Amino acid sequence: MTDHPDEERSTRPRLFRLSSWREAKFLAEALRMETVGGALLLLGAVLALIWANTPWTETYEQLRRFVPWPGGEPLHLDLDLAHWAGDGLLAIFFFVVGLELKREFVDGSLRNPRQAALPIVAAIGGMAVPALIFVLFNLGDSSALQGWATPTATDIAFALAVLAVIGSHLPLGLRAFLLTLAVVDDLFAITIIAVFYTDDFNLLLLLGSLLPIVVFALLVQRGKTWWWALIPLAVTAWTLMHASGVHATIAGVLLGFTVPVLARNGAERGMAEHLEHRWRPVSAGIAVPVFAFFAAGVSLRGTDLGAIATDPIVLGIVAGLVLGKVIGILGASYLMARFTHAELDDELTWTDLLGVSLLAGIGFTVSLLIGELAYGAGTERDGAAKVAVVAGSIIAATLAAVVLSRRNKVYRRLHERASRDADADGVPDIYQTSPRPGGTD
């Protein structure tokens, strides 16, 4: 036992600290955009729910089922607007996810194995436990079990919108943890969609979709950002992958993976960051809100609410999002801290991580998508899954708001300390006075 416990404490790895001002600045910009996107997402979802539960609900369904190009059967492009939103617009969202993943693994928090371990393990726990809870509620019903992955997703935009609504000054380190966890969560969700929700697989068309992706990769690796070449290549890759039976959003992820991350030839930032900066507003401001508008409109008119409340699918999804996420993320993080002998950053407590774990229970966008893929868009069970996703996300958001609001004075004090710039050089003092302000090294 040491004679200097404070010195021993200071040498232990710290959780939820950022490593550099560059990382903090990039994260702050990305989180601001996601917060705005979350507000638009909420607006789209609320409009859909209100419209679907008015006497004009049939007009909402007619809009969802409108087919703009009825002659597209050869490549399965005779899609209605709801499917265009889910298969088409969400490809932009997943393209940004691919860029995020590539950047995180090459030049972000996932580059350092020790720093990456916590959000990766937390994401795995936060997906495995909700899936297990859903399975326990639906044992014996093989068709219901198809939706096992529905409560595993985390919607970062919705979560950040909740923080904005409650005016939380949640420290950037915890926000970064939530963002990284959501990115890793998206990676596993993409894998699940590709492996478990692919129908009528056509290998020839899938191989054909890889050709424009390869050409796209060659261009971006050479630093070419010709929109007149890259966009047609991306659309061709999406079309062929959609026709192959693999969910077309996977094309967006693969295209994102091809983009180089590190800056070249003296450029201020890499191409991945450049494209992410350009396409994130489209994703957050258009693609995700429009998808939410077409996916969240569930009519409860004339529905037996008692039957819905006792439906095992509904119970499994709600319990998975609200309880499973907390148990998985909080439990995995606590075990990681014990295993690595790490401690929380200054003035943070496990209550703060409880609030973040509750925020991660907001599934929404990807959960709605997986529910549609599992049960078929517009089916009775898809409707039940949507009700459960909306209800579970609202419950998780409410509980998170209660937990985090109680700590907002502490968060405000930490925010002021992290923002202090006494010498007015544009870089907060905390990133200059401490030689190692972040990470878990």
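The end of the sequence shown is residue 435 by our numbering, with every number in the run present. For glycine and all other residues, C-beta sits at the position ideal for the given N, C-alpha and C. A quick note: this is a predicted structure, and the numbers were derived from the prediction, not measured.
Which whole-angstrom value is the C-beta distance of residue i and residue j, which I expect to be below 8 Å?
i: V282; j: A153; result: Wrong, their Cβ atoms sit about 13 Å apart, outside the cutoff.
i: G239; j: F190; result: Actually they do not touch by this definition, with Cβ atoms about 13 Å apart.
i: S351; j: L324; result: 5 Å
i: D339; j: L21; result: Not a contact, Cβ separation roughly 15 Å.
i: G217; j: R274; result: No, G217 and R274 are not in contact; Cβ-Cβ is about 21 Å, not under 8 Å.
i: L84; j: F287; result: The pair is not a contact, with the Cβ atoms about 13 Å apart (cut-off 8 Å).
i: M121; j: F182; result: 6 Å
Quick one: Cα of residue i to Cα of residue j, how far?
i: V177; j: E94; result: 7 Å
i: A418; j: K19; result: 16 Å
i: Y54; j: A371; result: 15 Å
i: I364; j: I186; result: 9 Å
i: H409; j: E23; result: 16 Å
i: T297; j: L317; result: 26 Å
i: A116; j: G322; result: 7 Å
i: E262; j: R105; result: 20 Å
i: V208; j: F60; result: 34 Å
i: A223; j: G102; result: 29 Å
i: H335; j: Y328; result: 10 Å
i: W344; j: R295; result: 42 Å
i: I114; j: Y405; result: 25 Å
i: G38; j: W63; result: 24 Å
i: F333; j: A326; result: 10 Å
i: L164; j: V397; result: 12 Å
i: E52; j: L342; result: 50 Å
i: A42; j: P49; result: 13 Å
i: A138; j: V292; result: 19 Å
i: R26; j: R407; result: 20 Å
i: I44; j: G246; result: 31 Å
i: T230; j: A76; result: 21 Å
Quick check on residue i: buried or exposed, where buried means 16 or more other Cβ atoms within 10 Å of its Cβ?
i: Q56; result: exposed
i: P107; result: exposed
i: D149; result: buried
i: E1; result: Below a pLDDT of 50, predicted positions are generally treated as unreliable, and E1, at 43, falls in that range; the measurement from the model is reported next regardless. With fewer than 16 other Cβ atoms within 10 Å, it is exposed.
i: V40; result: exposed
i: W78; result: buried
i: P206; result: buried
i: D180; result: buried
i: T29; result: buried
i: E457; result: Outside the displayed range of the chain (-5 to 435) lies residue 457, so it cannot be described from this structure.
i: V255; result: buried
i: D193; result: exposed
i: S162; result: buried
i: L130; result: exposed
i: D376; result: buried
i: G134; result: exposed
i: L299; result: exposed
i: G167; result: buried
i: W220; result: exposed
Give me the residue from the options with the minimum Cα distance to residue i.
i: V381; options: P145, L21, F60; result: P145
i: I118; options: V91, L269, M330; result: M330
i: T174; options: L112, L213, V156; result: L112
i: I184; options: G38, Y405, V30, T243; result: T243
i: H271; options: G38, Y191, V90; result: V90
i: G92; options: F358, G250, A336, V308; result: G250
i: V360; options: S162, T233, D81; result: D81
i: A228; options: H236, R97, F210; result: F210
i: H236; options: G120, T48, L71; result: L71
i: M265; options: R407, L393, R97; result: R97
i: V123; options: W45, A354, T373; result: A354
i: A349; options: G300, W232, E374, I389; result: The sequence shown places Gly at residue 349, rather than the Ala named in the question. Of the candidates G300, W232, E374, I389, the one whose C-alpha sits nearest the C-alpha of G349 is I389.
i: L393; options: L157, W232, W221; result: L157
State yes or no: is the beta carbon of residue i nearer than 7 Å to at least one beta carbon in chain D?
i: L329; result: Included in the structure is just one protein chain, with no chain D present.
For residue i, collect the residues of the same chain with a Cβ closer than 7 Å to its Cβ; drop the 5 residues on either side in sequence, then sort them by chain order.
i: I311; result: F128, T144, P145, A379, A382, V383, G386
i: S413; result: P422
i: G357; result: P145, A147, T148, D149, L315, V383, G386, S387
i: V276; result: I86
i: I302; result: V308, A378, V381
i: R401; result: T345, D346
i: D305; result: A378
i: L437; result: The displayed coordinates of the chain run from -5 to 435. Any statement about residue 437 would go beyond what the structure contains.
i: V253; result: L93, K96, V214, M265, A266, L269
i: G74; result: Note that residue 74 is Asp in the sequence shown, not Gly. Around D74: R58, R59, F60, V61.
Less than 8 Å between C-beta atoms, sequence neighbours within five positions excluded: which residues of the same chain meet that for residue i?
i: V125; result: A small correction: the amino acid at residue 125 is Ala; Val does not occupy that position in the sequence shown. Within the same chain, A125 has close Cβ partners W142, A143, P145, T146, G314, G318.
i: I424; result: R411, A412, R414, P431
i: H(-2); result: With a pLDDT of 47 at H(-2), under the threshold of 50, the modelled position of this residue cannot be trusted, and the question is left open.
i: L34; result: A278, G279, V282, P283
Among residues of its own chain, excluding the 5 on either side of residue i, which ones have a beta-carbon nearer than 6 Å to its beta-carbon?
i: L198; result: none
i: A289; result: L362
i: G32; result: A151, F152, L154, A155
i: A368; result: Q140, G141
i: I160; result: A395, S399
i: L248; result: I207
Cβ of residue i versus every heavy atom of the ligand FAD: is any distance shorter than 6 Å?
i: L21; result: Absence of the ligand FAD is noted for the structure shown, with no ligands found whatsoever.
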